[in-house]
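In the working numbering, the protein residues as written are -13 to 264. All C-beta atoms in this analysis are idealised placements derived from N, C-alpha and C, irrespective of residue type, glycine included. Scroll down for the structure; my scribbles are underneath it.
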Ligand SMILES: Cc1cc2nc3c(=O)[nH]c(=O)nc-3n(C[C@H](O)[C@H](O)[C@H](O)COP(=O)(O)O)c2cc1C
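The structure is reproduced here in structure tokens:
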């Protein structure tokens, strides 16, 4: 039987659907439904021209008020990449990927333009920070979709923000420019896997936000996901604090992960880089 779009949606969410059951599983919709993060890459190089094309695609993403508050740093210098990789030894794909980029929110240009055009800028608030962060995320996602369309695989790396001061100094980021994530890019060495998403009964709402049965829905998702890929005992996090769980699902994993402070200094970093965050 030829696969249909409905099969891909079923696989993505782990629940039956009739949606898309008349559409063949092909073309851009199928690629998006089957997308996955890739952390292992073949030796094949990603040449400069292709990278430039993909970055042009990334920068074609829509942009809040046309402010275009994203910048991309291509990290080609082996020593620079090795240093970034050395900060995050648990993610060897940072140094192994054929190409590595850093996507940044960039609020600096509009401030330079305000000075050039002798205008006040009474908007140095959290909303402006968020606009730049969203723009950079959209550029990274547009880049990723373009890369996947030509057979490449990517892995975003927000872990670079765990060394954000050192990284900013290394990349000589000026004030009002902050990294949102790195991105490993290369031709996949493995097929990878489609990771199951939360049910749309939790993530999609009609006319008003639905809050009913959220605990039950999360619990059921944990079980569905575990049936497909159970997390091995060795990969259970924070065993010292929480012991070994008999059932270790997505919510146990994510809550263990976020039961300790992560990057608590981020606001201080942003303020030191010139964001007033009013
Ligand atoms: C903003 C962002 C930051 C991420 N940071 C990392 C990271 O630091 N290291 C890593 O290995 N994967 C990272 N990922 C990949 C996620 O772990 C991955 O997207 C998630 O597990 C879902 O899997 P999927 O993309 O295959 O559906 C990141 C993804 C996003 C969107």
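- Between the alpha carbons of residue 54 and residue 42 lies a gap of roughly 13 angstroms.
- One alpha carbon belongs to residue 146, the other to residue 197, and they sit about 34 angstroms apart.
- If you keep only unbroken alpha helix (DSSP H) runs of at least 4 residues inside the stretch 110 to 185, you get 112 to 135 and 150 to 156.
- The criterion of a C-beta distance shorter than 8 angstroms is satisfied by residue 56 and residue 121.
- By the beta-carbon neighbour count (other beta carbons within 10 angstroms, threshold 16), residue 134 is buried.
- Counting the other CB atoms within 10 Å of its CB gives residue 182 a total of 16 or more, which places it among the buried residues.
- Between residue 129 and residue 40, the C-beta spacing is below 8 angstroms.
- In the structure shown, residue 87 falls within a strand segment according to DSSP collapsed to helix, strand and coil.
- In the assembly as shown, residue 229 is an exposed residue. Its beta-carbon has fewer than 16 other beta-carbons within 10 Å.
- Contact between residue 234 and residue 217 holds: CB atoms are separated by about 5 angstroms, below the 8 angstroms threshold.
- Within 7 angstroms of the C-beta of residue 142 there is at least one heavy atom belonging to ligand 1.
- Listed in chain order, the non-local C-beta contacts of residue 21 below 7 angstroms within the same chain comprise 134, local neighbours out to five positions each way being set aside.
- The residues 235, in chain order, have a CB closer than 6 angstroms to that of residue 212 in the same chain once the five nearest residues on each side in sequence are set aside.
- Each of 19, 12, 10 and 207 was checked against the Cα of residue 179, and the nearest Cα belongs to 19.
- 45 is the residue among 68, 84, 12 and 45 whose C-alpha sits nearest the C-alpha of residue 90.
- In the same chain as residue 164, and ignoring 5 residues on each side of it, the C-beta atoms closer than 7 angstroms to its own belong to 90, 91, 256 and 259, in chain order.
- Taking a cut-off of 8 angstroms on C-beta distances, the stretch 65 to 82 touches the stretch 137 to 146, as three or more cross pairs fall below it.
- Counting the other Cβ atoms within 10 Å of the Cβ of residue 83 gives 16 or more, which makes it buried.
- According to the DSSP assignment, residue 59 belongs to the beta strand (DSSP E) that extends over 56 to 60.
- Residue 194 is bridged by DSSP to 192.
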